[in-house]
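*Asks:*
Protein chains: 2
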Amino acid sequence: MFYLVGLGLGDAKDITEKGLEIVKRAKRVYLEAYTSILTVGKEALEQHYGREIILADRDMVEQGSDELMAEADKEDIAFLVVGDPLGATTHTDLILRAVEKGIQYRIVHNASIMSAIGCCGLQLYNFGEAVSIVFWTDTWRPDSFYDKIAVNVERGMHTLCLLDIKVKEQSLENLMRGRKIYEPPRFMSASLAAEQLLEIVEKKTAEDSTQKLALTAETLCVGLARVGAEDQKVVTATLKQMASVDLGGPLHSLVIPGHMHPMEKDMLRLFALDDSVKSFLL
Amino acid sequence: MFYLVGLGLGDAKDITEKGLEIVKRAKRVYLEAYTSILTVGKEALEQHYGREIILADRDMVEQGSDELMAEADKEDIAFLVVGDPLGATTHTDLILRAVEKGIQYRIVHNASIMSAIGCCGLQLYNFGEAVSIVFWTDTWRPDSFYDKIAVNVERGMHTLCLLDIKVKEQSLENLMRGRKIYEPPRFMSASLAAEQLLEIVEKKTAEDSTQKLALTAETLCVGLARVGAEDQKVVTATLKQMASVDLGGPLHSLVIPGHMHPMEKDMLRLFALDDSVKSFLL
């Protein structure tokens with residue numbers, strides 16, 4: 003059996019009892035380590051689970067599924083994923099490959115940022131399409147996520163912005179020279195996401211200052227860091243303020259609220275950066 | 003501390019290690035038992051956790067929060083919720099009341115149907131607004147959920163339909179006579195949800211047969227039962243077929259796919275009711 007086991011969002015103890023039993027008895031245990039991270043590393047997980055864990059990078063998962071699933075027709079193999087195995091990052095491709103190989107699979111669900119985001123107080127059924135905000139480079143500055151947020155805002159829906167993660171990336175130079183030297187991992191902060199959104203708003207205003215934009219510098223947003231961990235942080239602020247809020251270590255998310263019910267406003271007020279934000283939420 | 007602890011979706015072993023530790027040490031343990039259920043009952047949970055559990059019905063949660071939170075400023079109180087405490091059913095009102103009373107709270111997240119629905123293979127970031135489908139009566143047949151599904155379909159987004167649950171409901175007669183006699187619990191099946199949707203489609207067609215509707219009897223949908231449990235069942239079929247598919251015991255959910263990527267089609271094909279459904283998914 004090939005088990006896809008969700009680890010939840012905080013630390014080693016966010017695994018479910020069912021998941022832990024599988025980890026303890028599995029022949030091999032892999033950890034998907036390139037689309038999300040816990041607040042603790044591989045070593046803490048190994049110590050807590052009492053098992054050796056094999057790090058699975060993108061190459062191994064996307065191309066090396068033979069290795070990953072070897073003997074899974076006879077033995078239990080556990081593939082650990084931060085959050086839910088089919089949440090913000092989906093591993094349906096692994097399921098399809100397992101089925102093709104005639105290997106049975108099972109999913110052990112856990113908390114995903116896609117639902118745990120409810121901790122800010124905005125109701126999940128009022129969220130529209132989620133978006134991904136990617137790191138801009140000097141030459142690549144996509145802004146299609148703005149349009150999706152705008153559609154949600156116009157329909158009164160909230161938007162969860164998943165923020166970019168760069169793990170095991172090569173610099174252009176190292177890539178071209180075929181050198182397997184990797185850059186340090188980078189995790190987009192809520193402040194950088196707000197900054198990029200503000201830049202899009204400024205650009206659009208410069209192009210046509212008469213248009214009414216779905217977002218402005220004064221739009222409220224919610225920054226969240228380390229959801230589910232002991233030191234979780236949630237801050238409600240304007241986009242302009244958020245661009246200089248430091249929420250600490252990764253992972254961060256950003257939410258753009260749409261139309262809010264009174265109870266949703268009451269919740270966001272709990273996390274207001276200052277009194278001016280509170281007054282927006284009355 | 004007032005802990006809101008998610009139980010996940012399957013059985014007693016879907017609690018997280020963190021959640022279980024809290025249940026074991028809490029002074030009192032409540033189970034929210036009116037918006038969702040596990041495949042096992044209170045007794046199985048009590049036996050597995052080794053703790054007495056107090057059933058919290060709607061009245062106790064909505065009006066009796068004094069009782070619920072008594073001593074939570076000095077002791078640990080655990081409030082267990084199937085799924086995630088802020089998932090399909092949100093308990094933000096309890097959080098607001100705790101804060102008002104000066105009681106600290108913490109959320110222990112877990113799998114919610116809002117994210118575990120990814121197990122059908124449709125990607126979570128392609129879902130639009132979720133809808134609730136309620137039991138119709140002879141005189142009350144709301145259909146606003148149809149319009150929300152139609153908006154999602156037109157935008158190419160998938161829709162998760164949460165299906166109605168009636169627990170501890172009184173008949174009109176018993177309600178009027180003030181008799182505290184409750185009807186047996188009822189859980190809407192995917193087939194009944196499909197039936198109600200078909201009736202709306204038929205009504206709209208009868209009103210104006212020239213209009214192009216977002217849904218028809220031949221629209222594909224996905225019925226899911228007992229997501230996360232050992233005997234989970236997923237079936238892809240047309241709405242017309244789904245109306246007579248028996249997925250077994252509760253809880254059920256229904257998904258209406260929007261535009262599908264090839265890999266999403268490949269996944270739905272795994273659950274096809276018959277070859278004709280498979281051919282729709284090529």
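Line by line, the protein sequences are chains A and B.
In this text, residue positions in the first sequence follow the working numbering: the first is 3, and each later residue adds one.
In this text, residue positions in the second sequence follow the working numbering: the first is 3, and each later residue adds one.
The C-beta atom is built at its ideal place from N, Cα and C for all residues, glycine as well.
As the structure is a prediction and not an experimental result, all values here were calculated from the model.
1) Out of His261(B), Leu215(B), Ser193(B) and Phe147(B), state which residue places its alpha-carbon closest to the alpha-carbon of leucine 226(B).
2) Which chain B residues are close to aspartate 86(A), counting only those with a beta carbon under 8 angstroms from its beta carbon?
3) For the beta strand (DSSP E) containing glutamate 232(A), list its first residue and its last residue.
4) Would you identify the three-state DSSP class for glycine 21(A), choosing helix, strand or coil?
5) Out of His160(A), Lys182(A) and Met159(A), state which residue places its alpha-carbon closest to the alpha-carbon of lysine 170(A).
6) Hey, does glutamine 125(B) have any beta-carbon neighbour from chain A nearer than 8 angstroms?
7) Is there contact here, the segment 232–247 of chain A with the segment 262–280 of chain A, by at least three beta-carbon pairs under 8 angstroms?
8) Given this structure, state the Cα-to-Cα distance separating glycine 250(A) from phenylalanine 147(B), to the nearest angstrom.
9) Under 7 angstroms Cβ-Cβ, which residues of chain B neighbour aspartate 268(A)?
10) Restricting to Cα atoms, I'd like to know which of Leu11(A), Thr18(A) and Gly21(A) is closest to threonine 37(A).
11) Taking all protein chains shown into account, decide if glycine 130(B) is buried (16 or more other Cβ within 10 angstroms of its Cβ) or exposed.
12) For isoleucine 183(A), does the three-state DSSP call read helix, strand or coil?
13) Listing by chain order, which chain A residues have their CB less than 8 angstroms from the CB of valine 101(B)?
14) Since threonine 18(A) and threonine 18(B) are thought to touch, with beta carbons under 8 angstroms apart, how far apart are those beta carbons, to the nearest angstrom?
15) Put glycine 85(A) into one of helix, strand or coil per three-state DSSP.
16) Given lysine 150(B), which residues of its chain have a CB within under 6 angstroms of its CB, disregarding the five upstream and five downstream residues?
17) Are any of the Cβ atoms in chain B nearer than 8 angstroms to that of glycine 230(A)?
18) Got a sec: is the Cβ-Cβ distance from leucine 11(B) to anything in chain A below 8 angstroms?
19) Looking at chain B, is there any beta carbon in it that lies within less than 8 angstroms of the beta carbon of leucine 22(A)?
20) Exposed or buried, alanine 46(A), counting other C-beta atoms within 10 Å across all chains shown (16 or more means buried)?
21) Taking all protein chains shown into account, decide if glycine 123(B) is buried (16 or more other Cβ within 10 angstroms of its Cβ) or exposed.
22) Expressed to the nearest angstrom, what Euclidean distance is found between the alpha-carbon atoms of proline 87(B) and isoleucine 79(A)?
23) Express the C-alpha separation of valine 203(A) and glycine 21(B) in angstroms, rounding to a whole number.
24) With a threshold of 8 angstroms between beta-carbons, can glutamate 131(B) be considered close to chain A, or not?
25) Can you grab the Cα-Cα spacing for the pair leucine 9(A) / valine 83(A), in whole Å?
26) Hey, does aspartate 276(B) have any beta-carbon neighbour from chain A nearer than 8 angstroms?
27) Contact criterion: CB-CB distance below 8 angstroms. Does glutamate 34(B) meet it with respect to chain A?
28) Is serine 255(B) helix, strand or coil when you go by DSSP?
29) For isoleucine 258(A) versus valine 153(A), is the C-beta distance shorter than 8 angstroms?
30) Residues in the same chain with beta-carbon distance under 7 angstroms from isoleucine 105(B), minus the five sequence neighbours each way, listed in chain order, please.
31) Under a Cβ-count criterion, where at least 16 other Cβ atoms within 10 Å of its own Cβ denotes burial, should methionine 269(A) be classed as buried or exposed?
32) What in chain B is Cβ-close to threonine 94(A), meaning under 7 angstroms?
33) Under a three-way DSSP split, which group does arginine 30(A) fall into?
34) Can the beta-carbon of glycine 260(B) be found less than 8 angstroms from the beta-carbon of asparagine 128(B)?
35) According to DSSP, what are the bridge partners of phenylalanine 282(B)?
36) Looking only at its own chain, which residues have a Cβ that is under 8 angstroms from the Cβ of leucine 200(A), when we skip the five neighbours before and after it?
*Replies:* Per the coordinate set shown:
1) Translated into the one-based positions of the second sequence, residue 226(B) becomes position 224. Distances from the alpha-carbon of leucine 226(B) to those of His261(B), Leu215(B), Ser193(B) and Phe147(B) put Ser193(B) closest.
2) The residue labelled residue 86(A) in the question sits at position 84 within the first sequence. Going along chain B in sequence order, the residues near aspartate 86(A) (Cβ under 8 angstroms) are Ala113, Ser117, Ala118 and Gly120.
3) The sequence position of residue 232(A) within the first sequence is 230, counting from 1. Per DSSP, glutamate 232(A) belongs to no beta strand (DSSP E) and is neither H nor E.
4) Residue numbering aside, residue 21(A) sits at position 19 when the first sequence is read from its first letter. Glycine 21(A) falls in the helix class under three-state DSSP.
5) Working through the first sequence from its first residue, we reach residue 170(A) at position 168. Closest by alpha carbon: Lys182(A).
6) Looking up residue 125(B) in the second sequence gives position 123. Under the Cβ criterion of 8 angstroms, glutamine 125(B) is counted among the residues facing chain A.
7) yes
8) As a first step, residue 250(A) is located in the first sequence; it is residue number 248 there, counting from the start. As a first step, residue 147(B) is located in the second sequence; it is residue number 145 there, counting from the start. Near 41 angstroms, if we compare the C-alpha coordinates of phenylalanine 147(B) and glycine 250(A).
9) Along the first sequence, read from residue 1 onward, the residue named residue 268(A) stands at position 266. Chain B residues near aspartate 268(A): Leu98.
10) On the first sequence, position 35 is the one that residue 37(A) refers to. In terms of CA proximity to threonine 37(A), Leu11(A) leads the group Leu11(A), Thr18(A) and Gly21(A).
11) Here the question's residue 130(B) lines up with position 128 in the second sequence. Buried, by the Cβ-count rule.
12) The count along the first sequence starts at 1 and reaches residue 183(A) at position 181. Here isoleucine 183(A) sits in coil by DSSP.
13) By one-based count along the second sequence, residue 101(B) stands at place 99. Ordered by position in chain A, the residues that pass the 8 angstroms Cβ test against valine 101(B) are Leu272.
14) Within the first sequence, the letter at position 16 stands for residue 18(A). Within the second sequence, the letter at position 16 stands for residue 18(B). Right, the Cβ-Cβ distance comes to about 5 angstroms (below 8 angstroms), so this counts as a contact.
15) Translated into positions along the first sequence, residue 85(A) becomes position 83. Glycine 85(A) falls in the strand class under three-state DSSP.
16) Translated into positions along the second sequence, residue 150(B) becomes position 148. Within the same chain, lysine 150(B) has close Cβ partners Glu131 and Val133.
17) On the first sequence, position 228 is the one that residue 230(A) refers to. When Cβ-Cβ separations below 8 angstroms define contact, glycine 230(A) makes contact with chain B.
18) The sequence position of residue 11(B) within the second sequence is 9, counting from 1. Yes, its Cβ sits closer than 8 angstroms to a Cβ of chain A.
19) Residue numbering aside, residue 22(A) sits at position 20 when the first sequence is read from its first letter. For leucine 22(A), the answer is yes, since a Cβ of chain B falls inside 8 angstroms of its Cβ.
20) Locating residue 46(A) in the first sequence gives position 44, where the first residue counts as 1. It counts as exposed.
21) Along the second sequence, one-based indexing puts residue 123(B) at 121. Classification for glycine 123(B): buried.
22) Residue mapping note: residue 87(B) aligns to position 85 of the second sequence, counting from 1. Residue mapping note: residue 79(A) aligns to position 77 of the first sequence, counting from 1. About 30 angstroms.
23) Taking the second sequence and counting its residues from 1, the one referred to as residue 21(B) is at position 19. Taking the first sequence and counting its residues from 1, the one referred to as residue 203(A) is at position 201. Roughly 43 angstroms separates the two Cα atoms.
24) Looking up residue 131(B) in the second sequence gives position 129. Interface residue, yes.
25) Here residue 9(A) is taken as the residue at index 7 of the first sequence, counted from 1. Here residue 83(A) is taken as the residue at index 81 of the first sequence, counted from 1. Near 6 angstroms, if we compare the C-alpha coordinates of valine 83(A) and leucine 9(A).
26) If you number the second sequence from 1, residue 276(B) lands on position 274. Not one chain A Cβ lies under 8 angstroms of aspartate 276(B).
27) Position 32 of the second sequence holds residue 34(B). The beta-carbon of glutamate 34(B) is placed no less than 8 angstroms from the nearest beta-carbon of chain A.
28) Looking up residue 255(B) in the second sequence gives position 253. In this structure, serine 255(B) counts as strand in the three-state DSSP scheme.
29) What you label residue 258(A) is simply residue 256 of the first sequence in a count that begins at 1. What you label residue 153(A) is simply residue 151 of the first sequence in a count that begins at 1. Contact: no.
30) As a first step, residue 105(B) must be located in the second sequence, where it is residue number 103. Phe4, Met71, Ala74 and Asp75.
31) Within the first sequence, residue 269(A) is the residue found at index 267, counting from 1. The residue in question, methionine 269(A), is buried, as its Cβ has 16 or more Cβ neighbours within 10 Å.
32) Here residue 94(A) refers to the residue found at position 92 when the first sequence is read from its first residue. Result: Gly123, Met265 and Met269.
33) Translated into positions along the first sequence, residue 30(A) becomes position 28. Reduced to three states, the DSSP call for arginine 30(A) is strand.
34) Translated into the one-based positions of the second sequence, residue 260(B) becomes position 258. Translated into the one-based positions of the second sequence, residue 128(B) becomes position 126. Against a cut-off of 8 angstroms, the Cβ pair of asparagine 128(B) and glycine 260(B) comes out as a contact.
35) For the purposes of this step, residue 282(B) is identified with residue 280 of the second sequence, where counting begins at 1. Paired residues: none, contrary to the question.
36) Taking the first sequence and counting its residues from 1, the one referred to as residue 200(A) is at position 198. Within the same chain, leucine 200(A) has close Cβ partners Ala219, Leu241, Lys242 and Ala245.
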